[in-house]
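Engineer: Residue numbers (this note's numbering): 16 to 384.
1. Can you say whether residue 204 is buried or exposed, counting buried as having 16 or more other CB atoms within 10 angstroms of its CB?
2. So, under 8 Å CB-CB, residue 335 and residue 287 are touching, yes? Tell me the CB distance rounded to an integer number of Å.
3. Per DSSP, which one or two residues make a beta bridge with residue 67?
4. Taking 7 Å as the limit between beta carbons, can you name the residues of its chain near residue 153, skipping five residues before and five after?
5. Alpha carbon to alpha carbon, how far is residue 212 from residue 372? Give it in angstroms, no decimals.
6. Compute the distance between the beta-carbons of residue 170 and residue 75, then report whether it is under 9 Å.
7. Tell me the DSSP secondary structure of residue 228 in three-state form.
8. Which runs of the alpha helix (DSSP H) at least 4 residues long sit entirely within the segment 260 to 342? Give them in chain order.
9. In chain order, what residues of the same chain lie with their CB nearer than 7 Å to the CB of residue 179, ignoring the 5 residues before and after it?
10. Leaving out five residues before and five after residue 338 in sequence, what residues of the same chain have Cβ atoms less than 6 Å from its Cβ?
11. Suppose the cutoff is 8 Å on Cβ atoms and the five residues either side in sequence are ignored; what does the same chain contact list for residue 224 look like?
12. With a 10 Å radius around its C-beta and 16 neighbouring C-beta atoms as the bar for buried, classify residue 411 as buried or exposed.
13. In or out: residue 107 buried (at least 16 other Cβ within 10 Å) or exposed?
14. Please state whether the Cβ-Cβ distance between residue 331 and residue 267 is less than 9 Å.
15. Could you spell out the range, first to last residue, of the alpha helix (DSSP H) harbouring residue 56?
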């Protein structure tokens, strides 16, 4: 993989990068709630991100995963105790409550919770589970309101969660998603929509079914001490590749040839941020606090050439997920999340997913060009 940085370049279209509110303003409020999306819009986000899963009766709702225990109060409700079960999710046994075992009416009785223990828990149980249609309605209403003043349009970036798994439950996501977007009048590249997936087959299918923009997500396991990306045995590649016996890995999507292939079905590629700016473990003498944890105990390395290579084949590049807490910031940024935003803007990315859209928007708008 090329290692020459793409530093100092503008994004593919020569515009400032999009700020996509990851699960809404999820750094402040419970994920995927209308309140979190509304807060993100108020903070200036260009797009809001609804992760799309299905109910038992085929309604598209927004949750980070089809599992419910981390993001709702389902475990506290005795009437649903018997719904807890073990299922294989992308080849891994998971014991939880699953959206596909609940009707929409039942899901509407649940209350949302902040899944990250170090974040504000004061908003737990105040908001319900939202449907994709409710998110679309919010985006349209807010676009109409803001458009009257500054011509601002709010986009949505729905992610199809575990599409192969959903299809195996008899609840495929793609046609319902396209029908919902079509009903909203969102059918072509001009629509304020970018559909995402970690799988490739469903994006290929969607390319034939809709004209809206598509985005290929690229995962990773984690960097080793020297900064090289490692891949977990149960997450080495898009799951549809595992099912079909394709032996390629996430890394193969990010070679020049892999990116050219991605361009045949997607408009953007979205690698995890450490594919673009790797980090290495801090060592004695680096001056990093000895009690630093997570990314805080690591230092950035020179950028890879992925942004340059993607732009060369006409792919936009988006990266994820920027978070303001020290545990998610490399020590090189000195505890300042704006410096991380600047580093990716210097690299020439076309979009950033952030849990803290206010921080990302402020840093993006103040960034050097």
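Note that beta-carbon positions come from the ideal geometry of N, C-alpha and C, so glycine has one too.
Structural biologist: On the basis of the data shown:
1. exposed
2. By a beta-carbon distance limit of 8 Å, residue 335 contacts residue 287. Their separation comes to about 6 Å.
3. 77, 175
4. Taken in chain order, the residues that qualify are 49, 52, 53.
5. 21 Å
6. Their beta carbons are not under 9 Å apart, which means residue 170 does not touch residue 75 by this criterion.
7. strand
8. 265 to 268, 271 to 277, 288 to 291, 321 to 327
9. 214, 254, 255, 258
10. 370
11. 189, 190, 193
12. Nothing can be reported for residue 411, as the shown portion of the chain is limited to 16 through 384.
13. exposed
14. The criterion of a C-beta distance shorter than 9 Å is not satisfied by residue 331 and residue 267.
15. Bounds of the alpha helix (DSSP H) holding residue 56 are 49 to 57.
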